[in-house]
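Trainee:
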Amino acid sequence: MKIIKGFPSAKSVLARQAAAEFYPVSAALRQRIRELFGIDDPEQIVRQIIDEVRRRGDAALLDYTLKIDGIRLGPLEVSKKQIAKAYQEVGAELASALKLAAERIRSFHTAQKESILSSVTKLGSGQLIRPLERIGVYAPGGTASYPSTVLMTAIPARVAGVKEVILVTPPGLSGTVPPSTLVAADIAQVDRIFSVGGAQAIAALAFGTKSIPKVDKICGPGNIFVVLAKKMVYGVVG
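Numbering (the working numbering), first residue to last: 42 to 279.
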């Protein structure tokens, strides 16, 4: 963690530092990416991944998932059957907790939207809300699942009136998406879920592939490779 005190210092640091400097690369990770790509520069690697996905689409997604994660994916899109099975796997207690969290998130953002709409001044000035057509949500995965990320990004989008919400999330070691993530996505009314992560998933959302549609905006956190990818496609998407 880097602690910056005061606006002038923050402005100076943000102006001169690259995203990679905020996410230090450990010696072990640097060695790992050197073995995979022959170089240890995260920015160069991410740029290469984006170019490949833009050029080769789904084939590049499958290749990079196998190369980086060692997982040979089947269909990229998660089926309704897999989502139904996820409810059985998480159990009633967790499903109930996710539904309660979703209700509270939805209630807050509904009130926020109504407040914005009712804040027009006597002069007629205010804020105009125009929802996007389609957004992409990135939920981190792999060794851990983050269902809260899905709820806190997809639900506000739905409340705002976004017509279509696409979720991308990396598969776990078993090659499948964690069930808690799938249940959260279903509760949050995500339209489509794709089992792919990393910079390649961000590139797919930005440019579109045969399987994954292009979106207008990408939300959600990720590691250094995801952050760098989001930075590089900014302007193509929000």
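Yeah, the Cβ is synthetic: ideal placement off N, Cα and C, and Gly gets one too.
1. Can you tell me where the alpha helix (DSSP H) holding T151 begins and where it ends?
2. Less than 8 Å between the CB atoms is what I'm expecting for I112 and G263, so what's the real figure, rounded?
3. On the DSSP bridge list, what partners appear for V278?
4. Check for me: the alpha helix (DSSP H) holding G177 runs from which residue to which?
5. Classify G167 as buried or exposed, calling it buried when 16 or more other Cβ atoms lie within 10 Å of its own Cβ.
6. Apply the 10 Å Cβ neighbour rule to Q153 and answer buried if 16 or more other Cβ atoms are within range, or exposed otherwise.
7. Are the Cβ atoms of V87 and F266 separated by less than 8 Å?
8. Alpha carbon to alpha carbon, how far is S236 from G98?
9. Three Cβ pairs or more, each shorter than 8 Å: is that satisfied between the region 109-126 and the region 196-204?
10. Does the region 76-96 touch the region 177-188, meaning 3 or more C-beta pairs lie closer than 8 Å?
11. Could I get the ranges of all uninterrupted alpha helix (DSSP H) runs contained in the region 91-118, with 4 residues as the minimum, in chain order?
12. From Y128 to K46, what distance separates their C-alpha atoms?
13. So, E118 versus R233, is the Cβ gap smaller than 8 Å?
14. Assuming I259 and V278 are in contact, meaning their beta carbons sit under 8 Å apart, how far apart are those beta carbons, in whole angstroms?
15. Going by DSSP, what residue range makes up the alpha helix (DSSP H) through R199?
16. Grouping DSSP H, G and I as helix and E and B as strand, with all else coil, what is R233?
17. Find out if the Cβ-Cβ distance for the pair S186, T151 is shorter than 8 Å.
18. For the alpha helix (DSSP H) containing I45, name the first residue and the last one.
Mentor: This is what the structure holds:
1. Sequence index remark: in the sequence shown, residue 151 carries index 110 (1-based). Per DSSP, T151 belongs to the alpha helix (DSSP H) from 121-158.
2. On the sequence shown, position 71 is the one that residue 112 refers to. On the sequence shown, position 222 is the one that residue 263 refers to. Contact doesn't hold; Cβ gap of about 17 Å is too wide.
3. Counting from one through the sequence shown, the residue named residue 278 turns up at place 237. According to DSSP, which records beta bridges pairwise, V278 is partnered with Y275.
4. Stepping through the sequence shown from its first residue, residue 177 is reached at position 136. Premise fails: G177 lies in the beta strand (DSSP E), 175-179, not in any alpha helix (DSSP H).
5. Here residue 167 refers to the residue found at position 126 of the sequence shown. Under this definition G167 is an exposed residue.
6. Position 112 of the sequence shown, counted from the start, is the residue given in the question as residue 153. Result: exposed.
7. Along the sequence shown, read from residue 1 onward, the residue named residue 87 stands at position 46. Along the sequence shown, read from residue 1 onward, the residue named residue 266 stands at position 225. Yes, Cβ-Cβ distance for V87 and F266 is below 8 Å.
8. Here residue 236 refers to the residue found at position 195 of the sequence shown. Here residue 98 refers to the residue found at position 57 of the sequence shown. Rounded to the nearest angstrom, the two C-alpha atoms are 15 Å apart.
9. no
10. no
11. 99-105
12. Mapped onto the sequence shown, residue 128 falls at position 87. Mapped onto the sequence shown, residue 46 falls at position 5. One C-alpha to the other measures close to 45 Å.
13. Sequence index remark: in the sequence shown, residue 118 carries index 77 (1-based). Sequence index remark: in the sequence shown, residue 233 carries index 192 (1-based). Cβ atoms of E118 and R233: closer than 8 Å.
14. If you number the sequence shown from 1, residue 259 lands on position 218. If you number the sequence shown from 1, residue 278 lands on position 237. That belief holds up - the Cβ atoms of I259 and V278 are roughly 5 Å apart, short of 8 Å.
15. Start at 1 with the first residue of the sequence shown, and residue 199 comes out as number 158. Residues 188-201.
16. Numbered from 1 along the sequence shown, position 192 holds the residue referred to as residue 233. R233 falls in the strand class under three-state DSSP.
17. Here residue 186 is taken as the residue at index 145 of the sequence shown, counted from 1. Here residue 151 is taken as the residue at index 110 of the sequence shown, counted from 1. Not closer than 8 Å, so no.
18. Translated into positions along the sequence shown, residue 45 becomes position 4. Counting along the chain, I45 falls outside any alpha helix (DSSP H), and DSSP gives it neither H nor E.
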